[in-house]
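Residue numbers (the numbering used here): 852 to 1343. This report refers to the structure that appears directly beneath it.
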């Protein structure tokens, strides 16, 4: 039976879905880098959603856990933390099994096997290691299974169960340390698939590496696709030369970062000492590194948590770190001379005052900048960049006309309006060289001013290269009040 002509002959409707716009980078993120043998050097960085997750992975005595505790104790509470791997000592080659499903972990899969076998090559030389006679008939847990395999491997390697997968590690370390995927054994019941150790199941091998510097670890983490803004270390093996190298890298990195270090060195409290980490970083003028003096290990994690929980999309959400608290951090009781020494060295401290309060002071980077300024301006830079990118990305094209330049100007101003809304920028007097219609002394009524020169001023070479006319922005920081002088005159 005929159903008639399609309506599309007369009325044709098509639907086009706009492409997903790029998002602003995550400036609420921190990586705590440690040297525990939990994360492998191929993975390098793992995100954890709670302190409980960190404890389950590392144990509550690990340095990474101690640092994460301070991070998660802050208010408002961060939603997650990244932990990175530093191969401070040479690492072991390993075979990391696939995560087994609940069904695959059923003990009945194992108790029926009394003559299991596994054949694999350890450290890539000599004959493969074959273990046989694996009797799982009495196992009561996956850890029991791992223990039986571990015993059979003897001194060549170890086998553990991490709660979801089996991991076999060579007993050696360094670049030649390795564990291969298993192959079929000559006899016995082949268990390689049962324990999830085949590449088809998603198992993977990670070769050992030689010991690396802390700087090399940060560079390796930064080379991963995961962008993390804040950087700190949780390791008792970190020395000042490491901290200086990390600070130098963070200062020059093409990816924006801030670095936090904690020191308990008494030299930081002495104005005559110049070799402590606070003095060294301040002398170098590093505006992306901060130091906190504290007798609480990794106290800077709490300071970082306070500023890195800023919601730049909310109204009046930007903060200064001065006067803020640090839950779980011991407040220091200092003399005036000690406090002055820290101020001169631009080192932060959580300090007791004689009105029964304790506050963070001074909220500064090692270089001549406040922490909230650097974080806020990093966000603003990315927000403007993302807004203009998305305007280009979502358009068929932006014409190379004055009207087209105005579209890009409007995109940038949308981010600047957000900066005014969150309190980073505010109306005020411009005190720098002028451009466009402003000059030194002009009042920025919106908190910012944008200027695009007429297209007729553009060179033919730039037009041929399809460049936009430069967009200039004058932005006035809102700033923050830290100290107050009050004069009281009393008349009798």
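C-beta: ideal position from N, C-alpha, C; glycine also.
With 16 other Cβ atoms within 10 Å as the buried cut-off, status of residue i
i, result
"residue 985", "buried"
"residue 883", "buried"
"residue 1151", "buried"
"residue 864", "exposed"
"residue 1079", "buried"
"residue 1257", "exposed"
"residue 1247", "exposed"
"residue 948", "buried"
"residue 858", "exposed"
"residue 1134", "exposed"
"residue 1204", "exposed"
"residue 876", "buried"
"residue 1100", "buried"
"residue 942", "buried"
"residue 989", "exposed"
"residue 1208", "exposed"
"residue 1030", "buried"
N-terminal and C-terminal residue of the beta strand (DSSP E) that residue i is part of
i, result
"residue 937", "No beta strand (DSSP E) contains residue 937, which DSSP labels as neither H nor E."
"residue 1320", "No beta strand (DSSP E) contains residue 1320, which DSSP labels as neither H nor E."
"residue 1212", "1208-1212"
"residue 1197", "Note, residue 1197: premise wrong, no beta strand (DSSP E); not H, not E."
"residue 1113", "1109-1114"
"residue 1140", "1140-1144"
"residue 1128", "Where residue 1128 is concerned, there is no enclosing beta strand (DSSP E), although the alpha helix (DSSP H) it sits in stretches over 1128-1135."
Selection from the options that minimises the alpha carbon distance to residue i
i, options, result
"residue 1158", "1205, 1095, 1081", "1081"
"residue 1234", "1204, 1198, 1164, 1173", "1164"
"residue 894", "936, 876, 869", "936"
"residue 1066", "914, 938, 917", "938"
"residue 970", "1064, 1000, 1078", "1000"
"residue 1064", "958, 1097, 1336, 1184", "1097"
"residue 1261", "1243, 881, 1008, 1139", "1243"
"residue 968", "976, 1069, 1246, 981", "981"
"residue 1227", "1329, 853, 908, 870", "1329"
"residue 1047", "1039, 1038, 1032, 1037", "1032"
"residue 1219", "1138, 1287, 870", "1138"
"residue 1095", "1179, 1131, 1327", "1131"
"residue 1212", "1182, 943, 1040", "1182"
"residue 912", "1230, 1297, 1266, 1087", "1087"
"residue 1073", "1056, 1104, 1053", "1104"
"residue 1267", "1225, 1327, 1118, 1280", "1327"
"residue 1146", "1180, 1156, 1161", "1180"
"residue 869", "990, 1241, 988", "1241"
"residue 1308", "1056, 1295, 1253, 1337", "1253"
"residue 880", "964, 899, 866", "899"
"residue 922", "1231, 1176, 1206", "1176"
"residue 1102", "1016, 945, 1298, 1225", "1225"
Range covered by the alpha helix (DSSP H) that runs through residue i
i, result
"residue 1247", "Where residue 1247 is concerned, there is no enclosing alpha helix (DSSP H), given that its DSSP letter is neither H nor E."
"residue 995", "993-1004"
"residue 1021", "Premise fails: residue 1021 lies in the beta strand (DSSP E), 1017-1021, not in any alpha helix (DSSP H)."
"residue 922", "914-924"
"residue 1070", "1065-1073"
"residue 1044", "Run containing residue 1044: none; DSSP gives neither H nor E here."
"residue 984", "Note, residue 984: premise wrong, no alpha helix (DSSP H); beta strand (DSSP E) at 980-985."
"residue 1097", "1091-1103"
"residue 1158", "1151-1158"
"residue 906", "902-909"
"residue 1163", "Run containing residue 1163: none; DSSP gives neither H nor E here."
Residues of its chain near residue i, where Cβ-Cβ distance is below 6 Å and the 5 sequence neighbours each way are ignored
i, result
"residue 1210", "1174"
"residue 1300", "1289, 1325"
"residue 1166", "1272"
"residue 1189", "1120"
"residue 1085", "883, 885, 914, 915, 918, 1149"
"residue 992", "none"
"residue 1049", "1043"
"residue 1034", "970"
"residue 1303", "1256, 1260, 1320, 1322"
Own chain partners of residue i with C-beta closer than 8 Å, once the 5 adjacent residues on each side are dropped
i, result
"residue 1143", "1111, 1112, 1113, 1114, 1150, 1151, 1154, 1198, 1199, 1200, 1201"
Proximal residues to residue i (C-beta, below 7 Å), its chain only, five neighbours per side dropped
i, result
"residue 1317", "1251"
"residue 1312", "none"
"residue 1263", "1235, 1238, 1239, 1301, 1322, 1324"
"residue 1285", "1291, 1293"
"residue 1222", "1141, 1158, 1172, 1214, 1215, 1216"
"residue 1106", "1073, 1078"
"residue 1195", "1122"
"residue 1274", "1167, 1168, 1169, 1329"
"residue 889", "908, 909"
Closer than 7 Å: residue i CB and nearest the ligand COA heavy atom
i, result
"residue 1037", "No copy of the ligand COA appears in this structure; indeed no ligand is present at all."
At least three beta-carbon pairs within less than 8 Å, the region 1049-1061 to the region 927-937: When Cβ pairs closer than 8 Å are counted between the two stretches, the region 1049-1061 is seen not to touch the region 927-937, the count staying below three.
Segment contact, 8 Å Cβ cut-off, at least three pairs: the region 1119-1132 with the region 1085-1095: yes
contact_flag[the region 1019-1031, the region 892-911] where n(CB pairs < 8 Å) is 3 or more: no
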